[in-house]
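Following the working numbering, the numbering of the sequence shown begins with 13 at its first residue and continues without gaps. As structure tokens, the structure follows; a few thoughts come after it.
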Amino acid sequence: MKLEDMIMVVENRKGTETNYLLNLTDYMGEALKLWGGYAEDMAGVVSTLYGTREDKKDWSDLYLSANKSIHASFCGGEPQLRQFLSGHFNDGEWSFDAERCSEDCIDVLRIYNLNTDGHSLSPCLHYERVEHSFHAGEVLHNMNGNDYRVLAALSPKDLLLMSMADSQIIVGRGVKLYERYPNPDKPEKLILYFPLLCY
């Protein structure tokens, strides 16, 4: 699952907000329970949700009663996910419910070295440098949390990059690729390899 496929959900019950992360299948299942299986309503729910992908700052809103609403948005990137996990999008009292999250969303948090409070799991991960030949079209994840597309390899370690967040063109000098995976001293069930960019 990609970070951008995760759905950030805020459920508001009588002013108390609960944050959690879902994949599309689980989100649709939850919406189906709420709407009683009406296809027209489901189509509208999904259409509104997909609208959040076009403008990453908007949220789809479902008002179920006077004191219960659900707000959801596709994740726009690691900085937005960190804000969501730390309660930046909440208005008042809030909590994060990891038990309501889709399992693959928790795996994505692990890949991005994030705890459910938005802080890093740094000591749990190990970084190893990897020899790599960069090529045009490749998407790299930087240690600063941004993704970059390789436009051209100017030399084996110098790249012309485009920021995926704002289309800014950047020259990366002395670029090195690292793999990040759980620290062998702190074993985990899942070994996840993820390329990282450092310059």
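Where a beta carbon is used, it is the ideal one built from N, C-alpha and C, also for glycine.
| Asked | Found |
| --- | --- |
| What does Y39 pair with, by DSSP beta-bridge criteria? | Its beta-bridge partners do not exist; DSSP assigns none. |
| When you compare each of F96, E42, W71, G89 to N31 by their alpha carbons, which one comes out closest? | F96 |
| Less than 8 Å between the beta carbons of S85 and T60, yes or no? | no |
| Tell me the residue span of the beta strand (DSSP E) that contains F96. | Looking at the DSSP string, F96 is not in any beta strand (DSSP E); the run it does join, the alpha helix (DSSP H), is 90-97. |
| Grouping DSSP H, G and I as helix and E and B as strand, with all else coil, what is M54? | helix |
| Assign N79 to one of two classes, buried (16 or more other C-beta atoms within 10 Å of its C-beta) or exposed (fewer than that). | exposed |
| Counting only the same chain and skipping the five closest in sequence on each side, list residues whose C-beta sits under 8 Å from that of P168. | S145, F146 |
| Per DSSP, what kind of secondary structure is K201 in: helix, strand or coil? | Caution is warranted here: a pLDDT of 35 is assigned to K201, below 50, making its placement in the model unreliable, and the coordinate value is therefore given only provisionally. Looking at K201 - three-state DSSP - the assignment turns out to be coil, as it is neither helix nor strand. |
| Nearest-angstrom Cα distance between I182 and D53? | 44 Å |
| Would you decide whether I19 is buried or exposed? Buried here means 16 or more other CB atoms lie within 10 Å of its CB. | buried |
| Let me check understanding here. Comparing Cα to Cα, which of S72, G99, A165 lies closest to G56? | S72 |
| Using the Cα positions of G130 and H100, report the straight-line distance between them to the nearest angstrom. | 10 Å |
| What is the residue span of the beta strand (DSSP E) that E23 lies within? | 19-25 |
| Out of D70, T128, I123, which has the shortest C-alpha to C-alpha gap to C113? | T128 |
| So the candidates are R192, L33, E23, E29; which of them puts its Cα closest to the Cα of E111? | L33 |
| Please confirm whether L152 and Y139 have their CB atoms less than 8 Å apart. | no |
| According to the Cβ coordinates, are M176 and N158 closer than 8 Å? | yes |
| Assign K169 to one of three DSSP states: helix, strand, or coil. | coil |
| If contacts are defined as beta-carbon pairs under 8 Å, then G104 and E29 qualify, I think. What distance do you get, rounded to the angstrom? | 7 Å |
| Mind checking whether M237 and V120 have CB atoms under 8 Å apart? | The structure shown has nothing for residue 237, since the chain only spans 13 to 211. |
| Which residues in the same chain have their Cβ closer than 7 Å to the Cβ of S98, if we skip the five residues on either side of it in sequence? | D129, G130 |
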